[in-house]
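Chemist: First the structure, then my questions, so here it is.
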DNA sequence: GGAAATTTGTTCGTATGTATA
DNA sequence: TTATACATACGAACAAATTTC
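Protein chains in written order, with full-length UniProt numbering: chain P, 1 to 77; chain V, 1 to 77.
The structure is reproduced here in structure tokens:
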């Protein structure tokens, strides 16, 4: 699915890119929730800090917003 | 803030000295929490292992104790 | 209302690899 | 070779907000 564990980019960046692509193609529409940290851990086989780093990157890019106790949501386009 | 990045002492030692001075002058009183590792990273512009080395030095000197999941605290005088 | 599960927030513990002096 | 420093990654504990039953 595009995550190349042997690639030069860190895993959290590759995961963020996968999520960003899903946002771009409408898999995750605006205002919808993206998978939880635990969900990303399971899907990509990484630890929670790594999943969190990916989400942090998406937040920095303005693609998602996170709400404590609820989840992370696709920012409104 | 007294940290001389061009000085002969390693950064982690200088950071530890700064914290030790704050403990001595009462800025961080006994049983109070000192800044987290992330806080030291931001304040002194270093990476986490370096901040941890500084704290390790303070623990070795008996000035602070660290508790997993909570933080590092000034030892009781 | 209350208890439990889910989810994110924060923090320290540990390990590996890379780069530099 | 050793010491220092950074980046990455996994593990674990504690905390707080939210949702669900």
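Using N, Cα and C, we set each Cβ at its ideal position, and we do this for glycine too.
Quick one: grab the DSSP three-state call for residue 59 of chain P.
Modeler: Helix at residue 59 of chain P.
Chemist: Would you mind reading off the limits of the beta strand (DSSP E) that contains residue 71 of chain P?
Modeler: Residue 71 of chain P -> beta strand (DSSP E) spans 71-74.
Chemist: How close, in whole Å, do the beta carbons of residue 63 of chain V and residue 54 of chain V come, if the pair is a contact with beta carbons under 8 Å?
Modeler: Not really, about 11 Å apart at Cβ, beyond 8 Å.
Chemist: The ligand FMN and residue 51 of chain V: does any heavy atom of the ligand fall closer than 7 Å to the residue's C-beta?
Modeler: Annotation note on the ligand FMN: not contained in the displayed structure, which lists no ligands.
Chemist: Spatial neighbours of residue 24 of chain P within its chain, please: CB distance less than 6 Å, with the 5 preceding and 5 following residues excluded, ordered by chain position.
Modeler: For residue 24 of chain P, where only same-chain residues beyond five positions count, there are no Cβ hits under 6 Å.
Chemist: Which value, in whole angstroms, describes the spacing of the CA atoms of residue 29 of chain P and residue 70 of chain V?
Modeler: About 38 Å.
Chemist: Residue 27 of chain V by DSSP, collapsed to three states: which one?
Modeler: Three-state DSSP puts residue 27 of chain V in coil, outside helix and strand.
Chemist: Considering only their Cβ atoms, is the gap separating residue 67 of chain P from residue 59 of chain P smaller than 8 Å?
Modeler: No, the pair does not count as a contact, with Cβ atoms beyond the cut-off.
Chemist: How big is the Cα-Cα spacing for residue 13 of chain V and residue 33 of chain V?
Modeler: Computed Cα separation, rounded: 20 Å.
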